[in-house]
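Participant: Mapping of the sequence shown onto our numbering: residues 5 to 196, in sequence order.
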Amino acid sequence: MTEENGKTLTQLANELGVSRDKVIYRYKKLPEDYYFKENNTIYIKEAGVQQIIDELGDDVTEGTPQEEVEQTTISISDYLIEQLAKKDEQIEQLQKLIDQQQQLNAEDKKLIKELHQYFALEAPKEAEIKKLEEPETTITDEEQETEASESAQQIAKLEEQIQKAEQLNQEKERLEQELSALKQKKWYQFWK
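1. I need the straight-line Cα distance from Gln87 to Ala185, nearest angstrom please.
2. DSSP state of Lys33, grouped into three classes?
3. State buried or exposed for Arg30, treating a residue as buried only when at least 16 other CB atoms are found within 10 Å of its CB.
4. Glu59: which of Leu34, Asn43, Glu146 sits nearest, CA to CA?
5. Can you grab the Cα-Cα spacing for the pair Leu20 / Lys90, in whole Å?
6. Hey, out of Gln104, Val53, Tyr83, whose CA is closest to Glu177's CA?
7. Does the beta-carbon of Leu16 have 16 or more other beta-carbons within 10 angstroms, so that it is buried, or is it exposed?
8. What residues match up with Tyr39 in a beta bridge as DSSP calls it?
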């Protein structure tokens, strides 16, 4: 007898789209005249094949498992490619947020440094001490007005810088909140 008269257990399992173990389980229940052994290979005759198909019933899948595997592999690879593209976009967005955060931090440090310079208390210089020791001279109205306008300008500049610093701090806090929200997401939540 040859292979033409029967199918091996593996061939039958592949054709039916079931596991080899299911075919083996049903083969063991077959009468001896439904199968034969040749060169340590078990072949199931047509009558045995039909009985196994009847026993499997709904377990038998239509189409070959190889086609299903190929189709599944293609759909999985497409899905993974799509997910990788989304991840790349999210990484770019995170990188931009980090860059913005670093720029804001640098601007904050610069403004803080300028504010410290304006508010720094320095010891009076020798020229100022001598001026204080000299008798007061009369200051004209023009000099008072120019000093007042210069002081007002400096105050306006300081207020403007303070306002900018507050805006930058608010923006920094907002970006930090966004960044922390993104950091708290699990890897599988980024495409939601």
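Virtual Cβ for every residue (Gly too), placed ideally from N, Cα, C.
Bear in mind that the values here come from a model prediction, so they are computed numbers and not experimental data.
Facilitator: So, from the data block:
1. The residue given as residue 87 occupies position 83 in the sequence shown. The residue given as residue 185 occupies position 181 in the sequence shown. Going by the C-alpha atoms only, they are around 20 Å apart.
2. Stepping through the sequence shown from its first residue, residue 33 is reached at position 29. Lys33 falls in the coil class under three-state DSSP.
3. Within the sequence shown, residue 30 is the residue found at index 26, counting from 1. Buried, since its Cβ has 16 or more Cβ neighbours within 10 Å.
4. Reading the sequence shown from its first residue, position 55 is the one you call residue 59. Cα-wise, what sits closest to Glu59 is Leu34.
5. Position 16 of the sequence shown, counted from the start, is the residue given in the question as residue 20. Position 86 of the sequence shown, counted from the start, is the residue given in the question as residue 90. Answer to the nearest angstrom: the Cα atoms are 39 Å apart.
6. In the sequence shown, counting from the first residue as 1, residue 177 sits at position 173. Checked all of Gln104, Val53, Tyr83; the closest Cα to Glu177 is Gln104.
7. Locating residue 16 in the sequence shown gives position 12, counting from the first residue. The residue in question, Leu16, is buried, as its Cβ has 16 or more Cβ neighbours within 10 Å.
8. Counted from its first residue, the sequence shown places residue 39 at position 35. Tyr39 is bridged to Ile48.
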